[in-house]
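**Q**
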Amino acid sequence: MKIKSNKVVYFLWSIVLISRILISMENPIGISPLWIYYISSSALILWLITIRKIKNNKKYNYRNAFWLIAFIIYVILFGKILENDQLKELIDFNFGAMFIFYLIVFLMADYLDSNKKKIEFVKNSFWILAITTIIISLLNWHMVLSINELVNNFFKGYTRERYAFGFYHPNAVANIALCIILLSILLMVENGKRKIYIIIDIIMCYLILVSSSRTSVCALILFFVLYMYSNLKQKIFNKHWKVLINTVLIIILGLLLLISNNNIAESLFEVSNRSYNFIYNIPILIKSGRFLIGLGFIGSGEFYQLHAYNTFFVDNYFLYVLMSTGLIGLVFIVSFIIWLCYRLLKGKNNSMKKVVAIILGVNIFSSLGETCFMYPSFISCFVYTIIYLTYACESIGSNNTIRKIKKDIY
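Residue numbers (the numbering used here): 4 to 413.
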């Protein structure tokens, strides 16, 4: 039963990933991938619940269960109880999408933790994403650009040429490519094999550069900076050298934020590509009288020219949370992120947890430019969130008692 159930889980998970990739294409192939996604995700949720029932597993991971219940309350509160009647149809659609997303990520994390399948999940997700993305990119290949052409094009600003390789937007392919690279690094840290992963990473780096996604390029640079910083900090014990390393890190982070503009105030907003997001949208939220609970629990893309309130783009995850669920929702999400950081940094001596913590930091950085944190429109969010939860909520040991886990919820 164990082998069969494991195969079914990964088969359904593969279908979920592939269907999400097909949804991200400009011209989806075959029947509606959205229906495939809903059917496969529903089947996966039911199967994960069934496995737990069949095995009669009464040992719950209370950290995971606590946050699952919290997010279900979060969705019901803003999707139903505090629903804005003016946006009812949009809210109902987003409610279903977010509800399924939260169930998938938390139930998968619980399954991976109880069955000790973390690395198997990373490997499965890596190969599904890598193979599917490479095939789609080859079918929509444009041209081979030299390194000089790629770099020059990247710094052209809003006049730069961007390629999406069959996806609905260049940022979409860049986001997936970045996710594949980060997954490969997790695998290299775990098993030491490098050649095949490095080859795939080179292809993914090319896709990111051709897409000219500044968010993904800066996020990739940030990852390697933080990774090297983490390794150096462990090897250096001199206080003066540590101060120097911290100073260099701050300078590099500042340069990444200022890469698009020399004006500091504007550049802080340029991370989200549109400063108009803040100076236009937030006053609308305040004037609406719904600052605490948000305009409505709708998708991020729906805020563009939302007729009921005449809002603008919200290409920033934290702004999106504020606009959709208000200050209450923002406090909840930030609290969850702080908890994740605490749990992952708590195991900093664990090499895998250290890399996962860095990926979380990079993901948060990326979410300043795209709504790509715990949001179902991005495939990477499914993979990242499950990994965060699996490592943050992992059991202390295979025979840990409920009491021991209960004491360590926080």
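Each residue gets a CB set at the ideal place from its N, CA and C atoms; glycine is no exception.
1. CB-CB under 6 Å to Val324, same chain, minus the five flanking residues each way: which ones, in chain order?
2. What do you get for Gly297, buried or exposed, if any count of 16 or more other CB atoms within 10 angstroms of its CB means buried?
3. Does Met355 come out as helix, strand or coil in the three-state DSSP assignment?
4. So what does DSSP say about Phe335, is it helix, strand or coil?
5. Rounded to the nearest angstrom, what separates Asn87 and Ser43 at their Cα positions?
6. Taking C-beta to C-beta, are Asp204 and Ile179 nearer than 7 Å?
7. Residue range of the alpha helix (DSSP H) that Pro31 falls in?
8. Leaving out five residues before and five after Val12 in sequence, what residues of the same chain have Cβ atoms less than 6 Å from its Cβ?
9. For Phe376, which of helix, strand or coil comes out of DSSP?
10. So does the region 126-140 actually touch the region 358-373, counting three or more Cβ pairs closer than 8 Å?
11. Do Met377 and Thr393 count as a contact pair if the criterion is CB distance below 7 Å?
12. To the nearest whole angstrom, what separates the beta carbons of Glu193 and Ile122, a pair I think is in contact under 8 Å?
13. May I have the straight-line CA-CA distance separating Ile202 from Tyr283, to the nearest angstrom?
14. Helix, strand or coil for Phe381? Go by DSSP, reduced to three states.
15. Is the beta carbon of Ser27 less than 7 Å from the beta carbon of Tyr171?
16. Using the rule of at least 16 other Cβ atoms within 10 Å of the residue's Cβ for burial, across every protein chain shown, is Glu29 buried or exposed?
17. Using a Cβ distance threshold of 8 Å, determine whether the region 66-83 contacts the region 93-105, with at least three qualifying pairs required.
18. Which word fits Val125, buried or exposed, when buried means at least 16 other C-beta atoms lie within 10 angstroms of its C-beta?
19. Considering only C-alpha positions, which residue in the set Arg197, Gly195, Ser214, Tyr230 is nearest to Trp144?
20. Using a Cβ-Cβ cutoff of less than 6 Å, which residues in the same chain neighbour Ile18 once the five nearest sequence positions on both sides are dropped?
21. Per DSSP, which residues does Phe170 bridge with? Please list them.
22. Over the uninterrupted alpha helix (DSSP H) stretch that includes Ala112, give me the two end residues.
23. Can you check which of these residues, Pro36, Ile54, Ile94, is closest to Ser303 by C-alpha distance?
24. Are the CB atoms of Cys396 and Arg66 within a distance shorter than 7 Å?
25. Among Ala360, Ser338, Glu305, which residue has its Cα nearest to the Cα of Leu347?
26. Taking Cβ positions, are Tyr1 and Leu343 nearer each other than 7 Å?
27. Less than 7 Å between the beta carbons of Ser140 and Phe168, yes or no?
28. If distances are taken between C-alpha atoms only, which option among Ile224, Val251, Tyr114 comes closest to Lys236?
29. Using a threshold of 7 Å, state whether the C-beta atoms of Ile54 and Ser22 are closer than that.
30. What is the DSSP secondary structure of Ala360, counted as helix, strand or coil?
31. Measure the C-alpha to C-alpha separation of Ser117 and Tyr40 and round it to an integer number of angstroms.
32. Rounded to a whole number of angstroms, what is the C-alpha to C-alpha distance between Thr301 and Phe96?
33. Under the assumption that Leu51 contacts Tyr114 (Cβ atoms under 8 Å), give the Cβ distance between them as a whole number of angstroms.
34. Could you give the first and the last residue of the continuous alpha helix (DSSP H) run that contains Ala68?
35. Between the C-alpha atoms of Asn264 and Val176, what's the straight-line distance to the nearest angstrom?
**A** According to the structure shown:
1. Residue 324 sits at position 321 when you count from the first residue of the sequence shown. Closer than 6 Å at the Cβ level, and outside the excluded window around Val324, lie Gly332, Leu333, Ile336.
2. To locate residue 297, count along the sequence shown from 1; it is residue 294. When all chains shown are included, Gly297 counts as buried.
3. Residue 355 sits at position 352 when you count from the first residue of the sequence shown. Helix, per DSSP.
4. Within the sequence shown, the letter at position 332 stands for residue 335. Of the three classes helix, strand and coil, the one that applies to Phe335 here is helix, per DSSP.
5. Along the sequence shown, read from residue 1 onward, the residue named residue 87 stands at position 84. Along the sequence shown, read from residue 1 onward, the residue named residue 43 stands at position 40. In a straight line, the C-alpha of Asn87 is about 30 Å away from that of Ser43.
6. In the sequence shown, residue 204 corresponds to position 201, counting from 1. In the sequence shown, residue 179 corresponds to position 176, counting from 1. Not a contact, by the Cβ cut-off of 7 Å.
7. Here residue 31 refers to the residue found at position 28 of the sequence shown. Run containing Pro31: none; DSSP gives neither H nor E here.
8. Counting from one through the sequence shown, the residue named residue 12 turns up at place 9. Hits under 6 Å: none found.
9. The count along the sequence shown starts at 1 and reaches residue 376 at position 373. Three-state DSSP puts Phe376 in coil, outside helix and strand.
10. no
11. Against the sequence shown, residue 393 aligns to sequence position 390. Against the sequence shown, residue 377 aligns to sequence position 374. No, these two residues do not count as a Cβ contact at 7 Å.
12. Residue numbering aside, residue 193 sits at position 190 when the sequence shown is read from its first letter. Residue numbering aside, residue 122 sits at position 119 when the sequence shown is read from its first letter. That belief holds up - the Cβ atoms of Glu193 and Ile122 are roughly 5 Å apart, short of 8 Å.
13. Your numbering for residue 202 matches position 199 in the sequence shown. Your numbering for residue 283 matches position 280 in the sequence shown. Computed Cα separation, rounded: 44 Å.
14. Mapped onto the sequence shown, residue 381 falls at position 378. The answer is coil: DSSP assigns Phe381 none of H, G, I, E or B.
15. As a first step, residue 27 is located in the sequence shown; it is residue number 24 there, counting from the start. As a first step, residue 171 is located in the sequence shown; it is residue number 168 there, counting from the start. Contact: yes.
16. On the sequence shown, residue 29 is found 26 positions in, with the first residue counted as 1. Glu29 should be labelled exposed.
17. yes
18. Here residue 125 is taken as the residue at index 122 of the sequence shown, counted from 1. By the neighbour-count rule (16 or more Cβ atoms within 10 Å), Val125 is buried.
19. Translated into the one-based positions of the sequence shown, residue 144 becomes position 141. Minimum Cα distance to Trp144 is reached at Ser214.
20. Here residue 18 refers to the residue found at position 15 of the sequence shown. Ser43, listed in sequence order.
21. Working through the sequence shown from its first residue, we reach residue 170 at position 167. The partner list for Phe170 (beta bridge, DSSP) reads Met28.
22. The count along the sequence shown starts at 1 and reaches residue 112 at position 109. Segment 91-118, the alpha helix (DSSP H) holding Ala112.
23. Residue numbering aside, residue 303 sits at position 300 when the sequence shown is read from its first letter. Selected option, being the one with the closest Cα: Ile94.
24. Counting from 1 along the sequence shown, the entry for residue 66 is found at position 63. Counting from 1 along the sequence shown, the entry for residue 396 is found at position 393. Taking 7 Å as the Cβ cut-off, Arg66 and Cys396 qualify as a contacting pair.
25. For this step, residue 347 is matched to residue 344 along the sequence shown. Minimum Cα distance to Leu347 is reached at Ala360.
26. An answer regarding residue 1 cannot be provided, because it is not within the stretch 4 to 413 covered by the chain.
27. Your numbering for residue 140 matches position 137 in the sequence shown. Your numbering for residue 168 matches position 165 in the sequence shown. Going by C-beta atoms, Ser140 is nearer than 7 Å to Phe168.
28. On the sequence shown, residue 236 is found 233 positions in, with the first residue counted as 1. Checking every option, the nearest Cα to that of Lys236 belongs to Val251.
29. Taking the sequence shown and counting its residues from 1, one reaches residue 54 at position 51. Taking the sequence shown and counting its residues from 1, one reaches residue 22 at position 19. Not in contact: Ile54 and Ser22 (Cβ atoms no closer than 7 Å).
30. Position 357 of the sequence shown holds residue 360. It is helical.
31. Counting from one through the sequence shown, the residue named residue 117 turns up at place 114. Counting from one through the sequence shown, the residue named residue 40 turns up at place 37. Cα to Cα, Ser117 sits roughly 25 Å from Tyr40.
32. Translated into positions along the sequence shown, residue 301 becomes position 298. Translated into positions along the sequence shown, residue 96 becomes position 93. Checking the sequence shown, residue 301 turns out to be Ile, not Thr. If you take the alpha carbons of Ile301 and Phe96, they lie about 8 Å apart.
33. Here residue 51 refers to the residue found at position 48 when the sequence shown is read from its first residue. Here residue 114 refers to the residue found at position 111 when the sequence shown is read from its first residue. Yes, Leu51 and Tyr114 are in contact; Cβ-Cβ is about 5 Å, under 8 Å.
34. Taking the sequence shown and counting its residues from 1, one reaches residue 68 at position 65. Residues 65-79.
35. The residue you call residue 264 lines up with position 261 of the sequence shown. The residue you call residue 176 lines up with position 173 of the sequence shown. The predicted model places Asn264 with a pLDDT of 40, which falls under 50 and marks its position as unreliable; any figure quoted below should be read in that light. Rounded to whole angstroms, Asn264 to Val176 spans 25 Å at the Cα level.
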